[in-house]
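Shown next, in structure tokens, is the structure this report addresses.
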Amino acid sequence: MAKKKKNQQQLPMVVPTTSTSSSHHHQQNGGAHKKLHKTRDSDCCSINFVKYVLHIFNIIFFMSGLVILAVTVWTVFWKHQYVSLLSTTNYAIGTYSLLAAGLLALLGGFIGCCGVWREQRPMLLLYTFILLFVFLLEAIVGGLAYLYETQIELELQHSLNSTFMEQYGVSERQTEAIDRMQQEGCIYKMADELKHHLILLGAIGLGICVIQVFGMILSCCLYVKLKDVLD
1 MAKKKKNQQQ
11 LPMVVPTTST
21 SSSHHHQQNG
31 GAHKKLHKTR
41 DSDCCSINFV
51 KYVLHIFNII
61 FFMSGLVILA
71 VTVWTVFWKH
81 QYVSLLSTTN
91 YAIGTYSLLA
101 AGLLALLGGF
111 IGCCGVWREQ
121 RPMLLLYTFI
131 LLFVFLLEAI
141 VGGLAYLYET
151 QIELELQHSL
161 NSTFMEQYGV
171 SERQTEAIDR
181 MQQEGCIYKM
191 ADELKHHLIL
201 LGAIGLGICV
211 IQVFGMILSC
221 CLYVKLKDVL
231 D
């Protein structure tokens, strides 16, 4: 019996380590999960910083919409009477497309401010698509305006004779346009005015559409950051 007791005393005690290692493993996973979860101040640019910059962009974007509206409304009411003397609708299409871009810019600026302020990702996504559509409209109108500017004088020369012979005294709109053209000078002066106006529309369209690129980058950046934080 004494020998048996002695053998039992010499046996080493085995401490279970399963729970300890499992706990340690869970702690590591929890730490890794905490490290992977991003906060509002993660990465090089915080969410608040992107929101601040996007608010500044929205003010510029809204003001650009007002500029486009002012120019296109002036075109429609003061310069659009000469459109009836042109044989194509390029001038009219460009003007009304730019007018639509101005209205969308105002709507997009409002949606963008609400989306940034309330941190609503669906509104930011809609805002990005509006920016893209306005960008395409302005780029197309700007490019077509510069291309059409080189052709408008030839178009006037070809169409004015037939318009004068067929529509003068018949169509009130075209009669008034021809009378006003004769009062102000000649066909070359009117062609120069339309050329300068097309250059103005082209410069506004191409110049402002560059701004939309920065807005799309900022809105996408904020959308991704909010997705990482909120999810």
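So the sequence shown is numbered by UniProt numbering: it starts at 1 and just counts up by one. Virtual Cβ for every residue (Gly too), placed ideally from N, Cα, C. These numbers come from a predicted model, not from an experiment.
Note to self: Using the Cβ count rule (16 or more neighbours within 10 Å means buried), how would you classify residue 176?
What the structure shows: exposed
Checklist line | Which of helix, strand or coil DSSP assigns to residue 224 | finding: helix
Notebook entry, point to check: In whole angstroms, what is the alpha-carbon distance linking residue 58 and residue 69?
Noted result: Their Cα atoms are separated by approximately 16 Å.
Checklist line | Nearest-angstrom beta carbon gap, residue 151 and residue 84 [assumed within contact, 8 Å] | finding: Contact doesn't hold; Cβ gap of about 18 Å is too wide.
Next item on the list: Note down the Cα distance separating residue 91 from residue 213, rounded to an integer number of angstroms.
Entry: 26 Å
Checklist line | Local conformation of residue 88 per DSSP, three classes | finding: The answer is coil: DSSP assigns residue 88 none of H, G, I, E or B.
Next item on the list: Alpha carbon to alpha carbon, how far is residue 182 from residue 119? Give it in angstroms, no decimals.
Entry: 58 Å
Next item on the list: Identify, in the order they occur along the chain, each residue of the same chain with its Cβ nearer than 7 Å to the Cβ of residue 123, setting aside the five sequence neighbours on each side.
Entry: Taking residue 123 as the centre and dropping the five residues before and after it, the same chain places the C-beta of 111, 114, 115 closer than 7 Å to its C-beta, in chain order.
Checklist line | Run of the alpha helix (DSSP H) containing residue 119, from where it starts to where it stops | finding: Residue 119 -> no alpha helix (DSSP H), and no H or E assigned at all.
Item checked: Contacting residues, own chain, Cβ-Cβ under 7 Å from residue 132 (five flanking each side not counted) -> 216
Note to self: I need the boundaries of the alpha helix (DSSP H) containing residue 72, first residue and last residue.
What the structure shows: 47-74 is the extent of the alpha helix (DSSP H) around residue 72.
Checklist line | Cβ pair count under 8 Å reaching 3, the segment 200-211 against the segment 133-140 | finding: yes
Note to self: I need the straight-line Cα distance from residue 63 to residue 126, nearest angstrom please.
What the structure shows: 20 Å
Next item on the list: Taking all protein chains shown into account, decide if residue 223 is buried (16 or more other Cβ within 10 angstroms of its Cβ) or exposed.
Entry: buried
Margin query: Using a 10 Å radius around the Cβ and a threshold of 16 neighbouring Cβ atoms, would you call residue 225 buried or exposed?
Written below: Buried, by the Cβ-count rule.
Checklist line | residue 78 versus residue 206 - alpha carbon distance | finding: 23 Å
Item checked: Between the CA atoms of residue 73 and residue 179 - distance to the nearest angstrom -> 23 Å
Notebook entry, point to check: Nearest-angstrom Cα distance between residue 169 and residue 192?
Noted result: 26 Å
Margin query: I need the DSSP call for residue 150, collapsed to helix, strand or coil.
Written below: coil
Next item on the list: Compare the C-alpha of residue 232 against each of 196, 163, 139, 60 and name the closest.
Entry: The structure shown does not extend to residue 232, since the chain spans only 1 to 231, so no value can be given for it.
Checklist line | Coarse secondary structure for residue 101, derived from DSSP in three states | finding: helix
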